[in-house]
Amino acid sequence: MTNFLKLLKDGNKPSLTAAIVNTIIAILKAGAFFLTGNVAMFAEMMHSIGDAANQFFVYIGSALSKKAPTPKFPNGFGRLVNLVCLGAVIIVGILSYETILEGWHHIQHPAASTGVAITLTVLAISIILEFSVLYKAGKEVLHEAGVKGTLLSPLTTSFTHLNQAKPATKLVFMEDLVATSGGILAFVAVLISHFTGFLQAEGIASIMIGLMMFYVVGKVFLDNARGALGETDEQMLNHIAHIVSENPHVKDIQELEVVKEGEFLHVKLVAEIDPSLSFAKVDDIHDVLKDLIMSQQGVTDVIIAFDEDDGVREWTHHKDPRTILKTHD
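Okay, structure coming up:
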């Protein structure tokens with residue numbers, strides 16, 4: 001139990017914050033729904049319940065993924081966060097279906113809801129809270145990508161660096177982006193329904209919110225399925241190829257693998273060097289390259305081997321400047 005609590009301290013903080021906030025929001029929305037019977041509020045309640053459950057699972061998964069390798073699991077637990085995310089999206093998928101079903105039922109059988117003031121107040125509070133979580137998640141995306149930005153960057157630049165974020169942070173950002181958008185959509189639908197009498201607006205909003213939730217399900221599922229299988233990090237692969245090639249003793253790269261498991265990167269390098277170098281010199285080159293690669297963000301282990309230079313230059317991937325990252329100190 002002590003080890004488990006220590007691991008939880010290293011869990012993904014944005015997912016924990018989002019889970020707590022969404023639990024509070026879900027309770028508020030549930031109360032508002034039971035008082036008013038508003039179908040748009042039902043959709044938002046289901047959305048918040050799904051987000052809260054998801055993010056609690058992701059927080060625990062991200063913490064357990066940092067557990068040290070054991071004799072039984074020598075490769076560590078890095079992929080555990082991907083597996084947890086895959087399980088979490090099943091919950092969101094079920095809630096998405098129920099949300100769409102309820103919206104369709106309301107369109108076919110529209111009914112006026114009561115307590116408009118309560119509904120709008122709860123939705124307004126929820127939008128503000130969801131937006132604050134989205135902003136913090138955007139800041140974390142930029143932090144994990146090693147990018148500094150302006151006050152608005154978490155809401156703008158973060159989109160272009162989303163693929164460099166950790167799986168848990170990416171999930172929180174996407175879910176709260178949809179949650180904030182869904183809250184605004186529900187707010188507008190309630191206003192339209194109340195002031196125009198077009199009661200189907202709430203059902204339409206419910207279906208749209210459900211479809212947005214399904215989009216998150218699909219996107220998160222595909223991202224984490226690749227992570228669970230062990231995906232090549234193309235950007236980091238080309239970056240490492242670039243910095244390794246800058247070493248004057250490396251004549252060519254025969255083989256380079258950069259496999260992403262959860263939040264961690266595993267590197268395997270076979271470099272070609274001058275065969276006349278002494279063993280001591282080769283050992284020095286090995287240590288320099290290992291320290292250099294291990295200093296890169298996310299790299300947890302590296303295997304380096306050498307082969308004699310055959311005089312034929314084969315590795316050219318690193319020449320594309322678009323794939324080269326800034327060196328992390």
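Each step along the sequence shown adds one to the number in full-length UniProt numbering, with nothing skipped, and position 253 is 253. Glycine is no exception: its CB is placed at the ideal position from the N, C-alpha and C atoms.
Length of the line joining the Cα atoms of Ala18 and Phe42: 20 angstroms
Where DSSP assigns a beta bridge to Glu308, which residues make up the other side? Ile273
Who are Lys268's beta bridge partners in DSSP? Glu257 and Ile303
Just the Cα atoms here: how many angstroms apart are Ile127 and Leu155? 15 angstroms
Going by beta-carbon coordinates alone, are Ile209 and Glu44 separated by less than 8 angstroms? yes
If we require 4 or more residues per run, which alpha helix (DSSP H) segments fall completely within the region 57-113? 80-108
Test item: CB-CB of residue 335 and Leu134 under 8 angstroms: Outside the shown range of the chain (1 to 329) lies residue 335, about which nothing can therefore be said.
Is Ile273 near His242, with beta carbons less than 8 angstroms apart? no
If you measure between the beta carbons of Ala205 and Ile118, is that distance less than 8 angstroms? no
With DSSP collapsed to three states, give me the class of Pro321. Low per-residue confidence applies at Pro321: pLDDT is 43, beneath 50, and the placement is therefore not dependable, though the value from the model is reported in the following sentence. Helix.
Quick check: what's the CA-CA separation for Gln254 versus Ala271? 6 angstroms
Identify the continuous alpha helix (DSSP H) that holds Gly183 and give its terminal residues. Pro167 to Thr196
Given 7 angstroms as the limit, tell me if Ala189 has its C-beta closer than that to any heavy atom belonging to the ligand HEM. As for the ligand HEM, it is missing from this structure, which has no ligand bound.
Does the distance from the CB of Val172 to the CB of Ala137 come in under 8 angstroms? yes
Can you name, in chain order, every residue of its own chain whose Cβ lies under 6 angstroms from the Cβ of Leu28, other than the five neighbours on each side? Val122
Only counting the same chain, and skipping five residues up and downstream in sequence, which positions put a Cβ closer than 8 angstroms to that of residue 330? Summary: the structure shown does not reach residue 330, with the chain confined to residues 1 through 329, and so no result is reported for it.
Using DSSP's beta-bridge definition, name the partner residues of Glu231. Lys260
Residue environment, Leu101, which counts as buried when at least 16 other CB atoms sit within 10 Å: exposed
Going straight from the alpha carbon of Ser158 to that of Val141, what length do you get? 6 angstroms
Got a sec? Which residues, its chain only, sit under 7 angstroms from Asp307 by beta carbon, not counting five neighbours each side? Gln254, Val270 and Glu272
Quick check on DSSP: helix, strand or coil for Asp252? strand
Would DSSP call Glu44 helix, strand or coil? helix
So, under 8 angstroms CB-CB, Gly262 and Ser65 are touching, yes? Tell me the CB distance rounded to an integer number of Å. 5 angstroms
Bounding residues of the alpha helix (DSSP H) (the contiguous stretch that carries Lys13): Lys13 to Thr36
Taking the CB atoms as reference points, tell me whether Cys85 and Asn224 lie closer together than 8 angstroms. yes
Indicate whether Arg313 and Asp252 have their beta-carbon atoms separated by less than 8 angstroms. yes
Below 8 angstroms, can you find three or more Cβ-Cβ pairs linking the region 195-203 to the region 95-113? yes
Count the other CB atoms, across all protein chains shown, that sit within 10 Å of the CB of Thr72; report buried if there are 16 or more and exposed otherwise. Before going on, a small fix: residue 72 reads as Lys here, not Thr. Classification for Lys72: exposed.
Rounded C-beta distance between residue 355 and Gly61? I'm assuming under 8 angstroms. With the chain covering only 1 through 329, there is no way to say anything about residue 355.
Kindly provide the ranges of any alpha helix (DSSP H) runs that are 4 or more residues long and lie completely inside the region 113-145, ordered along the chain. 116-145
My output table needs one value for Arg226: the three-state DSSP class, helix, strand or coil. helix
In whole angstroms, what is the alpha-carbon distance linking Thr196 and Gln108? 18 angstroms
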